[in-house]
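The structure appears below as structure tokens.
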Amino acid sequence: MNDQWQCLLSAGLGSGFTGTWVESGDAEAVATLLGADLASRQDCGLATAMTHYRPMAFTERVWTGPHADGWTHALTISGPPPVTTGLTEAGLRFLQIRTMDDYVHDLLYGDGVTTAWAPQRWYGEIITEPGSMIEPYLHEAARPKMPEAVHSGSGITEPEDHNRACLDIYLFLTGRMSGRFIDRAWLDEKRALYTIPPPSMR
């Protein structure tokens, strides 16, 4: 399996990345549920979409299209992560990974009824509720070998690469659930770039 994070870094996403994997083969419907203005659609490759790359900018844009059979992916190009309420209301399952610089947020996921978080606890240890939709795949994820703990005074701090270890597991989960991992071919595909207007303008 390719190093998915290195693929994303090579595309210039190191300052921040929000990816939303949605179990639906209708990419336009997913864009609508995420609040996209369908009239703003621009079909393009990732390189063109990345000319608008501004993590946490005011203008919200997503690059959305088919990911795998029965799955759509929405990559946030600028602005905050898309609101997933519409996905849950439509009964769709999804997973959302969010990073900001070197920090990796907990995985957000929805089973079509409720949403929940899969938080990080200690170097590649991910917590989920028993019976959750990601639990079977989490058992498949090989937890990385614990490096020698870093002692600081009387306590122990997280190893420096803790966030990266958790990100790799999150990307593994999304790849296994959706049936496709991110690779060079994924980066080279064309998808639709949309603007998501502020809630007051929808």
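If you read the sequence shown in the working numbering, its first letter stands for residue 2, the second for the next number, and so on. Using N, Cα and C, we set each Cβ at its ideal position, and we do this for glycine too. A quick note: this is a predicted structure, and the numbers were derived from the prediction, not measured.
Excluding the 5 residues preceding and the 5 following residue i in the sequence, name in chain order all residues of the same chain whose CB lies nearer than 6 Å to its CB.
i: GLU136; result: THR129
Pick helix, strand or coil for residue i, following the three-state DSSP scheme.
i: VAL31; result: helix
i: LEU76; result: strand
i: PHE95; result: strand
i: PRO200; result: helix
i: ASP107; result: coil
i: PRO56; result: strand
i: MET134; result: coil
i: SER155; result: Because the pLDDT of SER155 is 48, which lies under 50, any placement of that residue in the model is unreliable, and the question is left without a value.
i: THR175; result: helix
i: ILE170; result: helix
i: ALA37; result: coil
Counting only the same chain and skipping the five closest in sequence on each side, list residues whose C-beta sits under 8 Å from that of residue i.
i: ASP168; result: One point to set straight first is that residue 168 is Leu, not Asp, in the sequence displayed. So the list reads TRP6, ILE98, THR100, VAL105, once near-sequence residues are dropped.
i: LEU172; result: GLN5, TRP6, ILE98, PHE182, ILE183
i: LEU139; result: ALA119, ILE127, THR129, ILE170, LEU174
i: ASP27; result: THR73
i: GLY80; result: ARG55, MET57, ALA58, PHE59, THR60, GLU61, ARG62, ILE197
Quick one: does residue i have its CB under 9 Å from some CB of chain B?
i: PRO137; result: In the structure shown, chain B cannot be found, because there is only a single protein chain.
Please name the residue or residues paired with residue i in a DSSP beta bridge.
i: LEU194; result: GLN43, TRP64
i: GLY17; result: MET101
i: THR86; result: Beta-bridge pairing links THR86 to no other residue.
Within its chain, find whatever has a CB closer than 7 Å to the CB of residue i; leave out the 5 residues flanking it on each side and keep chain order.
i: ALA50; result: TRP64, ILE78, LEU194
Do residue j and residue i have their beta-carbon atoms positioned less than 9 Å apart in this structure?
i: GLY36; j: VAL84; result: yes
i: LEU47; j: ARG192; result: yes
i: LEU76; j: SER179; result: no
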